[in-house]
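Visitor:
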Amino acid sequence: MLVYLLAEGRYRLSRTIGSIAGVALGVALFTALVAAGDGFVTAARQPLAEVGADIVISRPDVMGEAAAQTTRGVRQPFGLVPLSFAELDQLSRLSSVADVSGGLLLWDFSANSYQTLLGVDVDAIPAQLAASVAQGRLFARDDAGVVVVDQHYAAFFSMKPGATVDIGGSSFEVIGIVAAAGGNQTATANFYLPLVDAQALAGLDGDQVNQIYMRVEAAADVESVIALVEAQLGEVSATTQQSIVAVMGGITEVSDRFASIAALAALLGGLLLTSVTLHAAISMRAREVGVMKATGWRARDVVRLFTIEGVAHTALGAVVGIALGWLTILAFAQIPIELPAVSDTTPDLAEVAPAVPLTIAASLSWGAVLVATATVVMGGGLVSFLSARRISRLQPADALRT
C-alpha cells in the first residue's frame with residue numbers, strides 16, 4: 064500500500080500539489096492571523112509594562128484649575144491638575160494594591176518643539192527603568208540637576224552621558240541613557256529627572272505629583288481597585304492595559320474580532336478547497352477502483368488506501384502551511400505601529416522629535432498550530448473516507464464502464 068501511495072504522488076503530481084496547496088494556504092493564513100492578533104494585544108500592553116504599573120491614575124482638570132498655567136516653558140500637560148502625597152498614601156492602603164508610587168509628567172515648550180519630562184521619586188524608581196539603563200547610571204538620593212535620557216531621543220539629538228541640556232531655562236547634566244527591554248520603546252518621557260527637580264521646574268509644592276502608578280496583587284483586581292480609587296479621590300482618569308487596547312481603535316478590532324473571524328474563515332476555506340479537491344480526485348478514479356477490485360482488492364482496502372492518502376496529503380499540507388505561516392509571522396514582526404502614550408494628554412504639534420514606533424511582537428502560537436493541524440487532518444481524512452466508501456461500492460464492471 065505504501066508503494067502504491069508513493070506512486071500516486073509521483074505520477075499524479077499536479078493533483079497531489081493541488082490538495083497540499085489548499086491545506087497549506089488555510090493553515091498559513093490561520094496561524095499568521097492568530098499571531099498578528101496576539102501581537103497587537105501584546106504591543107498595546109507594552110506602555111504600562113515599561114513603567115511597571117497596572118494602573119496609572121491622573122486627575123482631569125474638570126474645574127478649569129489649570130487655565131492659568133503658562134503655555135511656554137515648563138508646564139503640566141493640558142487638562143491635568145496635581146495629586147498630593149496624602150492622596151497617594153490613601154491609595155497605598157487600599158485592599159488588593161501591591162505598590163504605589165508617584166511621578167510628575169511635564170512638558171517643556173520651546174519656540175518650535177516640545178520635550179516631555181518625568182519626575183521620578185528617587186526612593187521608588189520603577190524596576191523597569193532601573194533595569195533598562197543602556198549607558199551611564201540612574202540618579203541617586205543626593206543627585207540634583209541631572210537627567211536620564213530615553214535612548215531613541217538621545218540618538219536623535221546625539222546626546223551622551225556627560226552632555227548638558229537646557230530644560231526650562233536651567234542646565235542639566237545627562238548621566239544616563241535608558242532603553243526599553245526587548246527593543247520596543249514606548250517612552251513615558253524624553254527626560255527622567257529627580258522628582259524634586261521636576262517640582263521646582265513646574266513651580267509645584269514638594270508634595271505634589273500628577274501621576275500615580277499602581278500595581279495590583281492580581282490582574283482580576285484592576286477594575287475593583289479603580290472603583291476604590293474613585294471612591295477615595297472622586298473623578299480620576301485611570302489608564303490600564305485594557306484601556307490602551309481600547310484606545311487603539313481599529314487595531315483593537317483587528318486583534319480582538321476580525322483577526323479571529325478571518326483566521327477561522329481562512330482555515331475553513333482551505334479545508335473546503337482541499338475537500339473538494341480530494342472528493343473530485345477520488346471520484347475521477349472509478350476505473351482505477353474497478354481494476355483494483357478486479358485484481359482482488361476488497362472494499363475496505365480501497366477505503367483504507369484513499370483515507371490514508373487523504374490524511375497524508377492534509378498532514379503534509381499542514382506542515383507546509385505552518386512553515387509559510389511562520390515566515391509570514393516573521394514579516395509581521397517587522398511591521399511598525401504607533402501606540403498612544405501612557406498619558407492621553409500628549410499635545411499635537413507640528414514640529415516634534417520623531418515618534419519611535421513599536422513592532423508587533425508576533426510569534427507562532429502552538430495552540431493555533433494544533434487547532435489548524437487537527438482540523439485539516441481530521442477534515443481531510445473524513446472527506447476521503449466518505450468519498451472512498453461511496454466509490455468502493457461500485458462493482459468492477461460498473462466501475463470500468465464509468
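Going by my numbering, the sequence shown opens with residue 64, and the numbers climb by one from there. Positions of the beta carbon are idealized from the N, C-alpha and C atoms, including for glycine.
Are the Cβ atoms of Ala281 and Ile289 separated by less than 8 angstroms?
Guide: The residue labelled residue 281 in the question sits at position 218 within the sequence shown. The residue labelled residue 289 in the question sits at position 226 within the sequence shown. Going by C-beta atoms, Ala281 is not nearer than 8 angstroms to Ile289.
Visitor: Just to confirm, are Leu168 and Gln271 a CB contact at a threshold of 8 angstroms?
Guide: The residue you call residue 168 lines up with position 105 of the sequence shown. The residue you call residue 271 lines up with position 208 of the sequence shown. Taking 8 angstroms as the Cβ cut-off, Leu168 and Gln271 do not qualify as a contacting pair.
Visitor: Which of the three DSSP states is assigned to Gln178 in this structure?
Guide: Residue 178 sits at position 115 when you count from the first residue of the sequence shown. The answer is strand: DSSP assigns Gln178 an E or B state.
Visitor: Select from Ser455, Pro459, Val163 the residue whose C-alpha is nearest the C-alpha of Thr370.
Guide: Residue 370 sits at position 307 when you count from the first residue of the sequence shown. Nearest option by C-alpha distance: Ser455.
Visitor: Quick one: measure Cβ to Cβ for Val211 and Phe202, integer angstroms, because I've assumed they're closer than 8 angstroms.
Guide: For the purposes of this step, residue 211 is identified with residue 148 of the sequence shown, where counting begins at 1. For the purposes of this step, residue 202 is identified with residue 139 of the sequence shown, where counting begins at 1. Contact holds; Cβ gap of about 7 angstroms.
Visitor: If I follow the unbroken beta strand (DSSP E) through Trp360, where does it start and stop?
Guide: Residue 360 sits at position 297 when you count from the first residue of the sequence shown. Segment: none, Trp360 is in no beta strand (DSSP E) and carries neither H nor E.
Visitor: Using DSSP with H/G/I as helix, E/B as strand and the rest coil, what is Pro459?
Guide: Start at 1 with the first residue of the sequence shown, and residue 459 comes out as number 396. Note: Pro459 maps to helix in three-state DSSP.
Visitor: Distance check for Ser426 and Thr340, CA to CA, integer angstroms please.
Guide: The sequence position of residue 340 within the sequence shown is 277, counting from 1. The sequence position of residue 426 within the sequence shown is 363, counting from 1. Going by the C-alpha atoms only, they are around 31 angstroms apart.
Visitor: Evaluate Met347 with the Cβ neighbour count: other Cβ atoms within 10 Å of its Cβ, from every protein chain shown; 16 or more gives buried, anything less gives exposed.
Guide: Here residue 347 corresponds to residue number 284 of the sequence shown, with the count starting at 1. When all chains shown are included, Met347 counts as exposed.
Visitor: Considering only the beta carbon of each residue, do Ala466 and Pro459 sit closer than 8 angstroms?
Guide: This structure gives no information on residue 466, because the portion of the chain shown stretches from 64 to 465.
Visitor: Along the beta strand (DSSP E) that carries Glu236, what are the first and last residues, could you check?
Guide: Reading the sequence shown from its first residue, position 173 is the one you call residue 236. From DSSP, the beta strand (DSSP E) with Glu236 extends over 233 to 241.
Visitor: On the CB-based measure, 16 or more other CB atoms within 10 Å of its CB, does Ala381 come out buried or exposed?
Guide: Locating residue 381 in the sequence shown gives position 318, where the first residue counts as 1. Buried.
Visitor: Locate the alpha helix (DSSP H) running through Ala265, then write down its first and last residues.
Guide: Residue 265 sits at position 202 when you count from the first residue of the sequence shown. Counting along the chain, the alpha helix (DSSP H) containing Ala265 begins and ends at 258 to 265.
Visitor: Can you give the Cα-Cα distance for Glu93 and His376, rounded to whole angstroms?
Guide: Position 30 of the sequence shown, counted from the start, is the residue given in the question as residue 93. Position 313 of the sequence shown, counted from the start, is the residue given in the question as residue 376. In the sequence as displayed, the identity of residue 93 is Phe instead of Glu. Each residue's Cα considered, the two are about 18 angstroms apart.
Visitor: Three or more beta-carbon pairs under 8 angstroms between the segment 227 to 246 and the segment 141 to 158, yes or no?
Guide: In short, these stretches do not touch, since the Cβ pair count stays below three.
Visitor: What residue range does the beta strand (DSSP E) around Leu167 cover?
Guide: The sequence position of residue 167 within the sequence shown is 104, counting from 1. Its beta strand (DSSP E) spans residues 160 to 172.
Visitor: Just the C-alpha distance for Leu445 and Phe395, rounded to the nearest angstrom, thanks.
Guide: Working through the sequence shown from its first residue, we reach residue 445 at position 382. Working through the sequence shown from its first residue, we reach residue 395 at position 332. The straight-line gap from Cα to Cα measures roughly 34 angstroms.
Visitor: Excluding the five sequence neighbours on either side, which residues of its own chain have a C-beta within less than 8 angstroms of the C-beta of Phe148, listed in chain order?
Guide: Position 85 of the sequence shown, counted from the first residue, corresponds to residue 148. Contacts found: Gly165, Asp270, Gln271, Val272.
Visitor: Considering Cα atoms alone, identify which of Val160, Leu96, Thr179 is closest to Asn253.
Guide: Taking the first residue of the sequence shown as position 1, residue 253 is located at position 190. Closest option to Asn253, Cα to Cα, is Thr179.
Visitor: With distances taken from CA atoms, which of Ala242, Val434, Arg278, Tyr255 is nearest Leu330?
Guide: Along the sequence shown, read from residue 1 onward, the residue named residue 330 stands at position 267. Selected option, being the one with the closest Cα: Val434.
Visitor: Extract the residue ranges of the beta strand (DSSP E) inside the segment 335 to 400, only unbroken runs of 3 or more that lie entirely within it.
Guide: Within the segment 335 to 400, no complete beta strand (DSSP E) run reaches 3 residues.
Visitor: Under three-state DSSP, which class holds Leu449?
Guide: Taking the first residue of the sequence shown as 1, we reach residue 449 at position 386. Leu449: helix per DSSP, three-state reduction.
Visitor: Closest to Ile83 by C-alpha separation, out of Gln198, Arg452, Thr436, Ser450, would be which residue?
Guide: Counted from its first residue, the sequence shown places residue 83 at position 20. With distances taken between Cα atoms, Ile83 lies closest to Thr436.
Visitor: Can you tell me whether Val89 is helix, strand or coil according to DSSP?
Guide: To locate residue 89, count along the sequence shown from 1; it is residue 26. The amino acid at residue 89 is misidentified as Val; the sequence shows Gly. If DSSP states are grouped into helix, strand and coil, Gly89 belongs with the helices.
Visitor: Could you tell me the alpha carbon to alpha carbon distance between Ser234 and Gly208, rounded to whole angstroms?
Guide: What you label residue 234 is simply residue 171 of the sequence shown in a count that begins at 1. What you label residue 208 is simply residue 145 of the sequence shown in a count that begins at 1. Each residue's Cα considered, the two are about 7 angstroms apart.
Visitor: Please classify Arg156: does DSSP put it in a helix, a strand, or coil?
Guide: Taking the first residue of the sequence shown as 1, we reach residue 156 at position 93. If DSSP states are grouped into helix, strand and coil, Arg156 belongs with coil.
Visitor: Looking only at its own chain, which residues have a Cβ that is under 6 angstroms from the Cβ of Leu264, when we skip the five neighbours before and after it?
Guide: Taking the sequence shown and counting its residues from 1, one reaches residue 264 at position 201. Once the five neighbours on either side are set aside, the close Cβ partners of Leu264 are Val137, Gly231.
Visitor: Quick check on Asp213: does DSSP put it in helix, strand or coil?
Guide: Stepping through the sequence shown from its first residue, residue 213 is reached at position 150. DSSP places Asp213 in strand when its eight states are reduced to three.
Visitor: When DSSP builds the beta bridges, which residues end up paired with Leu146?
Guide: Residue mapping note: residue 146 aligns to position 83 of the sequence shown, counting from 1. Paired residues: Val272.
Visitor: What residues are listed by DSSP as bridge partners for Asp229?
Guide: For the purposes of this step, residue 229 is taken as residue 166 along the sequence shown, with counting starting at 1. Paired residues: Ser234.
Visitor: Mapping the DSSP letters down to three states, classify Met441 as helix, strand or coil.
Guide: Walking along the sequence shown from the start, residue 441 turns up at place 378. Three-state DSSP puts Met441 in a helix.
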